[in-house]
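Asker:
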Amino acid sequence: MSQTLQHTVLKVVVLGNAGAGKTSLLQQYVNRRFTGQYTATIGADFLVKMVQLEKQTVTLQLWDTAGQERFRSLGRAFFRGADACVLVYDVTDQCSFSALTSWLQEFTIEAQIREAEQFPFMLIGNKVDLEHRCVQPDSARRWCSSNLGMPYLECSAKQAINVADAFHHLANLALARK
Ligand code: GDP
Ligand code: MG
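So the sequence shown is numbered by our numbering: it starts at 1311 and just counts up by one.
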């Protein structure tokens, strides 16, 4: 069996309004758990996950906010050297959807992205397990078409719907550009 020694680390930044479910998505993806507790991330700046892609194994460095997103005070280190960006909104929270444009803008500026069209972005509509959704998939797809044509996935961190697929897809996009 041949094995490649080359190892790639990909920095993935996760952004979106407080409460959208960023920490829950990461906990579901990395630790396969959903606690339902509203906890601010403390301690490490990022979570690490190894993923086996078609051609090689990569290490994802998944950067979560520690509650600073409320005050829009994420430091430069958060954005520096990002290889991919996940934008998250809550399908039951119109505000979190309306805020996407400014999160995208902040990321593009702070991470100093030159060719945004080529950069691996993804939009996640989270909490699809809830019945009272207020943002329809069509609106999200329209937003994506007018914002770099980024891919869109609907997820539930609670029921582990599409979570691994979303990060896997993004990892492939990021690796292709590395
Ligand atoms: P963050 O501020 O973006 O990191 O959001 P959190 O991950 O802390 O989640 C905010 C709240 O939404 C918490 O009470 C979570 O339990 C809840 N939550 C997160 N993801 C889901 C989901 O997929 N479905 C449901 N029903 N609740 C969720
Ligand atoms: Mg959080």
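No residue lacks a Cβ here, since even glycine has one placed at the ideal position from N, Cα and C.
What residue from Q1404, F1389, D1374, V1323 has the CA that sits closest to R1443's CA?
Answerer: Q1404
Asker: Is the separation between the beta-carbon of L1320 and that of Q1371 shorter than 8 Å?
Answerer: yes
Asker: Would the beta-carbon of A1467 fall within 8 Å of that of G1329?
Answerer: no
Asker: From I1423 to L1440, what does the alpha carbon distance come to, in whole angstroms?
Answerer: 35 Å
Asker: So which of Y1339, T1333, L1357, A1484 has the shortest CA-CA distance to E1427?
Answerer: In terms of Cα proximity to E1427, the closest of Y1339, T1333, L1357, A1484 is A1484.
Asker: S1466: beta carbon under 7 Å from a heavy atom of the ligand GDP?
Answerer: yes
Asker: Compute the minimum distance between the beta carbon of N1341 and the heavy atoms of the ligand GDP, and state whether it is under 7 Å.
Answerer: no
Asker: Nearer than 7 Å: is that true of the beta carbon of T1489 relative to any heavy atom of the ligand MG?
Answerer: This structure cannot settle anything about residue 1489, because the visible part of the chain is limited to 1311 through 1488.
Asker: Can you find the residues in the same chain that come closer than 8 Å, C-beta to C-beta, to R1471, ignoring five residues on each side of it along the sequence?
Answerer: The amino acid at residue 1471 is misidentified as Arg; the sequence shows Ile. Same-chain partners within the cutoff: V1438, D1439, E1464, C1465.
Asker: Could you spell out the range, first to last residue, of the alpha helix (DSSP H) harbouring G1469?
Answerer: The question names Gly, but residue 1469 is Gln in the sequence shown. Segment: none, Q1469 is in no alpha helix (DSSP H) and carries neither H nor E.
Asker: Just to confirm my understanding: we take R1487, look at its own chain, exclude 5 residues before and 5 after, and list those with CB closer than 8 Å. What are they?
Answerer: D1393, Q1428, F1429, P1430
Asker: With respect to 7 Å, is the separation between the Cβ of A1330 and the closest non-hydrogen atom of the ligand GDP below this value?
Answerer: Result yes, Cβ under 7 Å from the ligand GDP.
Asker: Measure from the alpha carbon of A1481 to the alpha carbon of each residue in H1317, V1361, L1433, then state which is nearest.
Answerer: V1361
Asker: Between which two residues does the beta strand (DSSP E) containing F1356 stretch?
Answerer: First-last of the beta strand (DSSP E) with F1356: 1356 to 1362.
Asker: How is N1482 classed by DSSP in three states: helix, strand or coil?
Answerer: Under the three-state reduction of DSSP output, N1482 falls in the helix class.
Asker: Starting from the Cα of L1357, find the closest Cα among F1388, G1435, I1419, Q1415 and give me that residue.
Answerer: F1388
Asker: Should A1450 and L1433 be called a contact, given that it needs their Cβ atoms to be closer than 8 Å?
Answerer: When the beta-carbon positions are compared, A1450 and L1433 come within less than 8 Å of each other.
Asker: When you compare only the Cα positions, how much space is there between I1419 and S1412?
Answerer: Each residue's Cα considered, the two are about 10 Å apart.
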